[in-house]
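Quick note, the sequences are listed as chains A and B, same order.
Mind the numbering: the first sequence is residues 1 to 119 in our numbering, read in order.
Mind the numbering: the second sequence is residues 1 to 113 in our numbering, read in order.
Quick reminder that beta carbons are idealized off the backbone N, C-alpha and C, glycines included.
As the structure is a computational prediction, the values presented were derived from the model and not from experiment.
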Amino acid sequence: DTAVSQTPKYLVTQMGNDKSIKCEQNLGHDTMYWYKQDSKKFLKIMFSYNNKELIINETVPNRFSPKSPDKAHLNLHINSLELGDSAVYFCASRYTGSPQRRSPYNEQFFGPGTRLTVL
Amino acid sequence: GEDVEQSLFLSVREGDSSVINCTYTDSSSTYLYWYKQEPGAGLQLLTYIFSNMDMKQDQRLTVLLNKKDKHLSLRIADTQTGDSAIYFCAESTWGGGGNKLTFGTGTQLKVEL
Numbered sequence: 001d002t003a004v005s006q007t008p009k010y011l012v013t014q015m016g017n018d019k020s021i022k023c024e025q026n027l028g029h030d031t032m033y034w035y036k037q038d039s040k041k042f043l044k045i046m047f048s049y050n051n052k053e054l055i056i057n058e059t060v061p062n063r064f065s066p067k068s069p070d071k072a073h074l075n076l077h078i079n080s081l082e083l084g085d086s087a088v089y090f091c092a093s094r095y096t097g098s099p100q101r102r103s104p105y106n107e108q109f110f111g112p113g114t115r116l117t118v119l
Numbered sequence: 001g002e003d004v005e006q007s008l009f010l011s012v013r014e015g016d017s018s019v020i021n022c023t024y025t026d027s028s029s030t031y032l033y034w035y036k037q038e039p040g041a042g043l044q045l046l047t048y049i050f051s052n053m054d055m056k057q058d059q060r061l062t063v064l065l066n067k068k069d070k071h072l073s074l075r076i077a078d079t080q081t082g083d084s085a086i087y088f089c090a091e092s093t094w095g096g097g098g099n100k101l102t103f104g105t106g107t108q109l110k111v112e113l
């Protein structure tokens, strides 16, 4: 029933490791996002994909590589993890296609978040 | 710049009104939003306002928008302990080729008995 789901919910790993976070939405949306929330609760967009195509890439280290195998999934792979990568990562989605199906106020639906802790 | 500013903390007594303020930066924002984040949880859309509106009321929530000053506020009437959470304002902006949300710094609301 969950509209936007993320796995895992918690991820604890050592510095230097490579890890992936997965996101899936069953809302039929065509645009998906990754946001990072740091320890001060500040939320910032990282990436956005529309129909599997990267459309937003903020100033994010290239150790972060998003991958969208299909419109319902957007995964985030992180290489060579650093202490500063510790944060909560949120996935979100919305529909930008036909006006009849679009949310009237451009709403983005958020997943529950993945708390990444790098030791 | 894209800084959306909010005061960090607000403490109120149960039953009082809470007013959370936000100053945004992009005058071309079409929609402005208020999100609620409870501890350990994701983001829940509370309400939104279209940029050509001055005010929107939704049950206990009242949103006021002052476009001239780029100021947005959220008033929660009869605040309850269940309202304790972090509240984020957000503006919908275009950047880097796509539409995105730019969030405020968040206001931690604490409701005391």
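Counting only beta-carbon separations shorter than 9 Å, does residue i have a partner in chain B?
i: E107 (chain A); result: yes
i: S48 (chain A); result: yes
Would a C-beta distance cut-off of 9 Å place residue i and residue j closer than the cut-off?
i: G80 (chain B); j: E14 (chain B); result: Note that residue 80 (chain B) is Gln in the sequence shown here, rather than Gly. Cβ distance < 9 Å, so Q80 (chain B) and E14 (chain B) count as in contact.
i: Y35 (chain A); j: F103 (chain B); result: yes
i: K110 (chain B); j: S73 (chain B); result: no
i: F110 (chain A); j: L76 (chain A); result: no
i: L46 (chain B); j: T105 (chain B); result: no
i: K41 (chain A); j: Q37 (chain B); result: yes
i: S11 (chain B); j: I76 (chain B); result: no
i: A90 (chain B); j: P112 (chain A); result: no
Under the DSSP definition of a beta bridge, which residues are partnered with residue i?
i: L43 (chain A); result: A:Q37
i: L11 (chain A); result: A:L116
i: L54 (chain A); result: A:Y49
i: E91 (chain B); result: B:L32 and B:T102
Say whether chain A places a C-beta atom closer than 9 Å to the C-beta of residue i.
i: G1 (chain B); result: With a pLDDT of 42 at G1 (chain B), under the threshold of 50, the modelled position of this residue cannot be trusted; read the value that follows with caution. Answer no: the Cβ-Cβ gap between G1 (chain B) and chain A never drops below 9 Å.
i: L113 (chain B); result: no
i: L101 (chain B); result: yes
Would you give the residue range spanned by the beta strand (DSSP E) that residue i belongs to?
i: N21 (chain B); result: S18 to T23
i: G98 (chain B); result: G98 to F103
i: S20 (chain A); result: K19 to Q25
Quiz item: Along the chain, which unbroken stretches of the beta strand (DSSP E) at least 3 residues long are found entirely within the stretch 34–89 of chain B?
Solution: 43–50, 55–58, 61–66 and 71–76
Self-check item: Continuous beta strand (DSSP E) assignments of at least 3 residues falling wholly in the stretch 66–113 of chain A
Solution: You should have 73–78 and 87–94.
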